[in-house]
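Chemist:
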Amino acid sequence: MRIQFLGTAAAEGIPALWCECPVCAKAMRDGGRELRRRCSYRIDMDTLVDFGPDAFWQATEFKIDLTKIKRIVFTHPHEDHLNVTDLYWRHTPWFSQVSHPLRIFGSRSIFRRIISCAAADGAAIGFDELQIEKNILEDAKKVVDEDLEILPLRADHAPGREAQILVLRRNGRSILLANDTGFLPEESWTALHGVKLDAAVIESTCGLRYADCSRGHMGANCSVAFRDELLKLGCIRKETPVFVNHFSHNGGANHQDLVEWFAPHGIGVAWDGMVLEV
Ligand SMILES: [Zn+2]
Ligand SMILES: [Zn+2]
Ligand SMILES: [Zn+2]
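In numbering that gives the first Met the number 0, the protein residues as written are 0 to 277.
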C-alpha cells in the first residue's frame, strides 16, 4: 500500500492565513517542509482519506487524477477534512462531466453535513445528482470494498460528531491513520487488540507547547504515549514505522523542531507530499 500525505496541518494550515506568530512567519519565509496544507491522504491511486479545503491545490500539485478516485473515506465532518463545496462540482452536466459514482465512506455525521451544507447554500442537490454512493461507517465494524478493508474506531474528538480513526488494510498490509483524536477511549484500544499494523500515523496537533494535551487532540508527549500503547498491545513492533501528523502552528514548533524532538523516540515527522510504502 502506498500512502501519500497530501496535507499535514490542523484546521488553520501553516502558515495560518491571519497569524503573526513566529511559527507562521518562519513557514512563510522558508517554505518547503514548513508549509502545511490541511490534512488528507491518498491511498494508492484510487482512494482518498478526507477531502478538505486544499483539495484543488493538492490535486494539481500531486497530480491526483480525481476521475480515477473510486472512494473517499472520511474521518469526521470538521471543515478542514470535509469541504462540501468541492463535492458539488460533481453535479452533471452543470459543472462537470462525471460518468461513474464516487463511493463515500463515513459516519452519519458526514452525510448529514453534505446535505445540510447544500440546503444552506440553497442548492437542492441530493446524493443521486452528485453520483455519490453512501456507505455508513459504524464504530469497530469492518467494511470491505473490493480489496480495501476499512476498520473505523471511535476517536476522542468533537463530541457528538462521530469522529473516527481508521485502520486500512490491503494486500495483507495495514496502516493506522489516527488524526483528530486525543488518547483513545477504552473501547477503541480494546478493538485494536489483535490488530497487526505495518505503519502507524499518530496526530500531534498541540506539538511542543502543549505537550501533555491528551483530550480532543494530542501534544508531543501524548503522541509518544499513544505509540507506546500500540507497542504494549502488540499492534506494532519497535521497528514498525511511526509518523506524527496534523500539526497546528499553536503547537509552537516548526518542522525541524519537531524532527529533533521526535527523533530520539524513533518517530518520524510527516510533511506535505511525503510517501510511505507499507
Ligand atoms: Zn483536523
Ligand atoms: Zn501562527
Ligand atoms: Zn477535527
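We treat Cβ as the ideally placed atom computed from N, Cα and C, and that holds for glycine. Quantities reported herein were computed from a predicted structural model and do not represent experimental measurements.
#1: Mind listing, in chain order, the residues whose beta carbon lies closer than 5 Å to a non-hydrogen atom of ligand 3?
#2: Out of curiosity, what's the CA-to-CA distance linking residue 248 and residue 163?
#3: Would the beta-carbon of residue 250 fall within 8 Å of that of residue 181?
#4: Run through the segment 188 to 258 for me and flag every whole beta strand (DSSP E) of 3 or more residues, listed as ranges in chain order.
#5: Ignoring anything shorter than 4 residues or poking outside the segment 86 to 159, list the alpha helix (DSSP H) runs there in chain order.
#6: What three-state label does DSSP hand residue 277 in the structure shown?
#7: Return the residue from the list 81, 229 and 47 that minimises the CA-CA distance to residue 287.
#8: Roughly how many angstroms lie between the CA atoms of residue 144 and residue 138, to the nearest whole one?
#9: Measuring from the CB of residue 79, is there a heavy atom of ligand 1 at a distance below 7 Å?
#10: Please state whether DSSP places residue 41 in a helix, a strand or coil.
#11: In or out: residue 245 buried (at least 16 other Cβ within 10 Å) or exposed?
#12: Using the C-alpha atoms, what's the distance from residue 227 back to residue 101?
#13: Using only alpha-carbon positions, find the residue among 271, 276, 277 and 275 that is nearest to residue 26.
#14: Buried or exposed, going by whether 16 or more other CB atoms sit within 10 Å of the CB of residue 44?
#15: For chain B, check one thing: does any of its Cβ atoms lie closer than 8 Å to the Cβ of residue 156?
#16: Could you tell me whether the Cβ atoms of residue 96 and residue 274 are closer together than 8 Å?
#17: Mind checking which residues open and close the alpha helix (DSSP H) that includes residue 59?
#18: With a threshold of 16 other CB atoms inside 10 Å of the CB of residue 204, please say whether the residue is buried or exposed.
#19: Does at least one heavy atom of ligand 1 sit under 7 Å from the Cβ of residue 248?
#20: Taking residue 32 as part of the alpha helix (DSSP H), name the residues at either end of that continuous run.
#21: From residue 114 to residue 87, what distance separates their C-alpha atoms?
#22: Select from 0, 9, 1 and 5 the residue whose C-alpha is nearest the C-alpha of residue 215.
#23: Give every residue of the same chain whose Cβ lies closer than 6 Å to the Cβ of residue 169, excluding the five residues on either side of it in the sequence, and list them in chain order.
#24: Within the present structure, is the beta-carbon of residue 20 separated from the nearest heavy atom of ligand 2 by less than 7 Å?
#25: Quick one: give me the first and last residue of the beta strand (DSSP E) that residue 266 is part of.
#26: Going by C-alpha distance, which of 230, 265, 39 and 77 is nearest residue 242?
Modeler: To lay it out plainly:
#1: 77 and 179
#2: 23 Å
#3: no
#4: 198 to 202 and 241 to 244, all fully within the segment 188 to 258.
#5: 107 to 119
#6: coil
#7: The question about residue 287 has no answer, for the chain in this structure spans 0 to 277.
#8: 17 Å
#9: yes
#10: strand
#11: buried
#12: In this model, residue 101 and residue 227 are separated by some 37 Å (Cα to Cα).
#13: Taking only the C-alpha atoms, the option nearest residue 26 is 271.
#14: exposed
#15: Of the protein chains in the structure, only one exists, and it is not chain B.
#16: no
#17: Membership of residue 59 in the alpha helix (DSSP H) is indicated by the continuous run 54 to 60.
#18: buried
#19: no
#20: Run containing residue 32: none; DSSP gives neither H nor E here.
#21: 11 Å
#22: Nearest of 0, 9, 1 and 5 to residue 215, Cα basis: 9.
#23: 0, 146 and 147
#24: For ligand 2, a non-hydrogen atom lies closer than 7 Å to the CB of residue 20.
#25: It is not in any beta strand (DSSP E) - residue 266 carries neither H nor E in the DSSP assignment.
#26: 265
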